[in-house]
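Peer 1: Mapping of the sequence shown onto numbering that gives the first Met the number 0: position 176 corresponds to residue 175, and the numbering continues sequentially without gaps.
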Amino acid sequence: MFRAMLLGDYEDELERQAMKFVKLRVKDLDNLTNATSSLFFGVNISCAKCHDHPLVIEWTQAHFYGMKSFFNRSFENGDFVGERDYGALQYQTTDGKQLDAQMMFLSGKVIEEPQWTSPDAEKQKAEKKQLEQLAKDKQPVPVPQYSRRAQLLDIALNGDDRSYFSKSIVNRIWYRTFGYGLVMPLDQMHPSNPASHPKLLDFLAQDMSDHGYDLTRLIRGLVLTQAYARSSRYDGENRPPQLWFAVANVKPLTPQQYAAALLFGARNPSQFASEDVLKTQAEIESVHAQARTLAVKFDVPSDEFQVSVDEALLFSNDAALEKDLLANRADRLIGELMILSTDAEVVATASKSIMNRPVTKQEQRVMMKYLKHRQDRREAAVIQLVWALLTSSEVRFNY
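(1) Spell out whether any CB of chain C is found under 8 Å from the CB atom of Q150.
(2) Would you please state the rounded distance, in angstroms, between the beta carbons of S269 and E335? I believe it to be under 8 Å.
(3) Would DSSP call Y9 helix, strand or coil?
(4) On a Cα-Cα basis, can you pick out the residue from L5, R161, V182 that is closest to R171?
(5) In the region 136 to 165, which residue ranges form an unbroken alpha helix (DSSP H) of at least 4 residues, counting only runs that do not cross its ends?
(6) Which parts of the region 286 to 370 are runs of the alpha helix (DSSP H), unbroken and 4 residues or longer, counting only runs that do not cross its ends?
(7) Spatial neighbours of N327 within its chain, please: CB distance less than 7 Å, with the 5 preceding and 5 following residues excluded, ordered by chain position.
(8) Below 8 Å on the Cβ atoms is my contact criterion, and I expect M103 with H62 to pass it. Report the Cβ-Cβ distance as a whole number of Å.
(9) At what residue ranges does the region 214 to 254 contain a whole run of the alpha helix (DSSP H), taking only runs of 4 or more?
(10) Please return the same chain residues whose Cβ sits closer than 7 Å to the Cβ of L152, not counting the five positions on each side in sequence.
(11) Excluding the 5 residues preceding and the 5 following Q91 in the sequence, name in chain order all residues of the same chain whose CB lies nearer than 7 Å to its CB.
(12) What are the boundary residues of the beta strand (DSSP E) that L98 is part of?
(13) With DSSP as the reference, label G65 as helix, strand or coil.
(14) Output the distance between the C-alpha atoms of L252 and L31, rounded to the nearest integer angstrom.
(15) What are the boundary residues of the alpha helix (DSSP H) that N33 is part of?
(16) Residues in its own chain within less than 7 Å of G86 by CB, not counting five upstream and five downstream?
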């Protein structure tokens with residue numbers, strides 16, 4: 000995936016899509032440089048652009064421009080990203096000196112490249128004409144004999160330098176799984192900000208690189224741990240810090256997860272009780288497909304998550320969403336609840352379908368009281384009950 004995102008083959012549709020990572024940023028090489036360093040290597044070097052990093056002595060201007068030099072020959076041409084086999088990068092130090100940037104990785108390792116020469120005016124004119132024709136014909140730019148982006152891939156995925164990539168992936172997957180990284184913030188991996196569990200991070204990073212960066216293996220290992228199985232409930236006086244992972248960290252669901260939770264909760268549970276495995280799988284996939292459409296209406300959660308105003312307004316004003324989730328028909332939860340004979344059955348079924356757990360005694364008492372006082376408008380009461388559960392914080396968060 001990493002290789003495809005930086006140096007994808009345009010003949011392959013999936014890699015073509017992956018190359019959008021570079022294409023969307025190539026007009027701003029500073030942004031492309033820092034995005035690559037932050038996302039893939041866990042190092043935000045933006046503060047080392049104009050001067051050496053004021054807080055982290057390891058990151059200097061030479062590091063920023065060393066990383067930028069891997070991209071300085073890349074450019075946008077029509078629908079594609081091309082790369083020249085010539086071109087230098089210079090930068091100015093704080094004392095006014097003009098220096099030539101070398102291809103230098105975050106570790107300080109410098110890559111020596113073959114000799115190159117800039118084309119004369121006539122060749123540049125011919126190159127421009129060729130690029131214009133390629134863009135017009137919607138064809139990719141020929142790959143250069145020597146690619147600086149390829150050199151970045153080579154150094155990032157081999158030898159001791161691959162630890163940046165491996166640790167960053169592990170840290171981000173750990174964060175997605177547990178709601179808090181082994182290193183926080185995620186893009187501040189450096190000696191002055193060590194991991195909370197350094198031996199664990201080293202072990203997982205080494206194991207992943209030894210097994211071909213198998214994300215399935217990594218994720219499986221994490222979700223089978225005792226730490227992942229812990230509840231977020233803590234009855235003591237002083238809740239342990241997040242970095243100890245002694246209790247689960249409450250974290251908001253991703254847009255796709257939240258959309259799926261709403262849609263599954265609103266479905267008639269009997270739809271997923273068929274002994275026909277293929278039929279059940281088809282039903283599940285249908286819900287996930289619908290969730291992908293709904294997910295775009297929710298914000299991607301940040302570290303300091305708050306339910307957005309847009310999300311609150313969506314639930315208050317989107318009549319189409321309410322109609323879909325709360326329809327009184329056979330394939331929806333409302334339709335199933337309306338044929339149940341007792342309030343106790345309604346409350347128990349709603350809780351199990353939406354919360355995926357039995358209702359507590361207190362919840363049962365409150366919800367049954369609510370239904371009892373609205374017997375003259377039972378359907379509206381059941382709809383309000385389901386709506387309250389679907390839009391509750393318990394559904395919004397992974398706890």
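Backbone N, C-alpha and C define an ideal beta-carbon position, used for all residues, glycine too.
Peer 2: With the given structure in hand:
(1) In the displayed structure, chain C is absent; only one protein chain is listed.
(2) In the sequence shown, counting from the first residue as 1, residue 269 sits at position 270. In the sequence shown, counting from the first residue as 1, residue 335 sits at position 336. Taking a contact as a CB-CB distance under 8 Å, the pair S269 and E335 counts as one, their CB atoms being some 7 Å apart.
(3) Stepping through the sequence shown from its first residue, residue 9 is reached at position 10. Residue state, collapsed to three classes: coil.
(4) Along the sequence shown, read from residue 1 onward, the residue named residue 171 stands at position 172. The option with the nearest alpha carbon to R171 is V182.
(5) Listed in chain order, the complete alpha helix (DSSP H) runs (minimum 4 residues) inside the region 136 to 165 are 147 to 155.
(6) Runs of the alpha helix (DSSP H) inside the region 286 to 370: 308 to 316, 318 to 324, 332 to 337, 342 to 353.
(7) Within the sequence shown, the letter at position 328 stands for residue 327. Around N327: I333, G334, M337, E378.
(8) As a working mapping, residue 103 is identified with position 104 in the sequence shown. As a working mapping, residue 62 is identified with position 63 in the sequence shown. Indeed, because the Cβ distance is near 7 Å, the residues count as touching under 8 Å.
(9) Here the runs fully enclosed are 214 to 222, 225 to 228.
(10) To locate residue 152, count along the sequence shown from 1; it is residue 153. The residues are R2, L5, L6.
(11) What you label residue 91 is simply residue 92 of the sequence shown in a count that begins at 1. Residues of the same chain with a CB within less than 7 Å of the CB of Q91, apart from the 5 flanking positions on each side, are Q97 in chain order.
(12) Residue numbering aside, residue 98 sits at position 99 when the sequence shown is read from its first letter. Run containing L98: 97 to 99, per the beta strand (DSSP E) assignment.
(13) Residue mapping note: residue 65 aligns to position 66 of the sequence shown, counting from 1. In the displayed model, G65 falls within a helix according to three-state DSSP.
(14) Working through the sequence shown from its first residue, we reach residue 252 at position 253. Working through the sequence shown from its first residue, we reach residue 31 at position 32. CA-CA distance, L252 to L31, rounds to 28 Å.
(15) Stepping through the sequence shown from its first residue, residue 33 is reached at position 34. Here the alpha helix (DSSP H) through N33 covers 28 to 40.
(16) Locating residue 86 in the sequence shown gives position 87, where the first residue counts as 1. Taking C-beta separations shorter than 7 Å and ignoring five residues to either side along the sequence, the partners of G86 in its chain run N71, R72, following chain order.
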